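S.K.: One structure, as structure tokens, below. Some questions next.
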């Protein structure tokens, strides 16, 4: 792959997805984009970049960004954040919202849907009172292709084996040929929206809980801080933010850590 092709891909995904691709990642670009090139009838990544540069083809650029985006996820990923949600966060939100009987949750980088569906299963299994509430779970992602998969709620055996127990699988899924499909009652609780975290978040409500886990590690410091500062206005006072285990909000007095190791959970507090 030509050096200019690598730089072109770096620039594209930085501009479109705020993902910083480090030096020395040519092998990653080759591995992920060769299938895209072949699907377009091209010989290699260099020809793909020539077509991108020549045609200004947004659809092709979308395919490239999709291929270069990491979509690693699993049901109840990392376990501890969901334990904290069960034992601390949801009971606290239910006390706070007892009068309005509303619950708003945002999975802000949902990939193929395992995270928001895990939240929906947690609610169904442990909080029967919420069946009478107005519960809305928004799931967003930059990639339209993974959102289409998530909306279907269909997963291969290897995917349901990651994080789900046999009783959970039997309660919430039905077997359809080679895949397992989540029951409609849970799929109906989750709505999906394409959204770039570094662009405008138009029309979003204020949330009680936001899950922003394992995505900011791909951003540079300026974009990461900008997203987290905007998140202050997107979460109600005393609401909760979940980050990845290696992530933290910017310094200041807007966030108070929930003191559970490896939970990545923070409560939004009013400024003093």
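Residue numbers (this note's numbering): 1210 to 1481.
Glycine included, each C-beta is placed from N, C-alpha and C at the ideal position.
Note that the coordinates shown come from a computational prediction; the quantities given were computed from them, not determined experimentally.
#1: Please classify residue 1481: is it buried, with 16 or more other beta-carbons within 10 angstroms of its beta-carbon, or exposed?
#2: Compute the Euclidean distance between the alpha carbons of residue 1283 and residue 1365, then round it to the nearest angstrom.
#3: Which residues in the same chain have their Cβ closer than 6 Å to the Cβ of residue 1354, if we skip the five residues on either side of it in sequence?
#4: Nearest CA to the CA of residue 1263: which residue from 1228, 1320, 1214?
#5: Ignore the nearest five residues each way along the sequence and tell me which others in residue 1330's own chain have a CB closer than 7 Å to its CB.
#6: Could you tell me if residue 1400 is buried or exposed, where buried requires 16 or more neighbouring beta carbons within 10 angstroms of its beta carbon?
#7: Got a sec? Which residues, its chain only, sit under 6 Å from residue 1389 by beta carbon, not counting five neighbours each side?
#8: Roughly how many angstroms lie between the CA atoms of residue 1288 and residue 1337, to the nearest whole one?
#9: Beta-carbon within less than 8 Å of residue 1160's beta-carbon, same chain only, minus the 5 sequence neighbours each way: which residues are those?
#10: Under DSSP, the beta strand (DSSP E) around residue 1311 begins and ends at which residues?
#11: How should residue 1296 be labelled, buried or exposed, when 16 other C-beta atoms within 10 angstroms of its C-beta is the threshold for buried?
#12: Would you mind stating whether residue 1450 and residue 1478 have Cβ atoms separated by less than 7 Å?
#13: When we look at the beta-carbon of residue 1242 and count the other beta-carbons within 10 Å, is it buried (16 or more) or exposed?
#14: Is the distance from the Cβ of residue 1272 to the Cβ of residue 1349 below 7 Å?
#15: What is the DSSP secondary structure of residue 1424, reduced to helix, strand or coil?
M.R.: From the atom records:
#1: Residue placement at residue 1481 cannot be trusted, given a pLDDT of 37 that sits under 50; the coordinates are not used to answer.
#2: In this structure, the CA atom of residue 1283 is about 12 Å from the CA atom of residue 1365.
#3: Taken in chain order, the residues that qualify are 1275.
#4: The closest CA to that of residue 1263, considering only 1228, 1320, 1214, is found on 1214.
#5: Only 1377, 1381, 1395 meet the Cβ criterion.
#6: With fewer than 16 other Cβ atoms within 10 Å, it is exposed.
#7: The residues are 1364, 1369, 1382.
#8: If you draw a straight line from the Cα of residue 1288 to the Cα of residue 1337, it is about 21 Å long.
#9: Nothing can be reported for residue 1160: it is not among the residues displayed for the chain, which extend from 1210 to 1481.
#10: Counting along the chain, residue 1311 sits inside the beta strand (DSSP E) bounded by residues 1311-1317.
#11: With fewer than 16 other Cβ atoms within 10 Å, it is exposed.
#12: Against a cut-off of 7 Å, the Cβ pair of residue 1478 and residue 1450 comes out as no contact.
#13: So residue 1242 counts as buried.
#14: Contact flag unset, no.
#15: Look at residue 1424 here: in three-state DSSP terms it is coil, with no helix or strand label.
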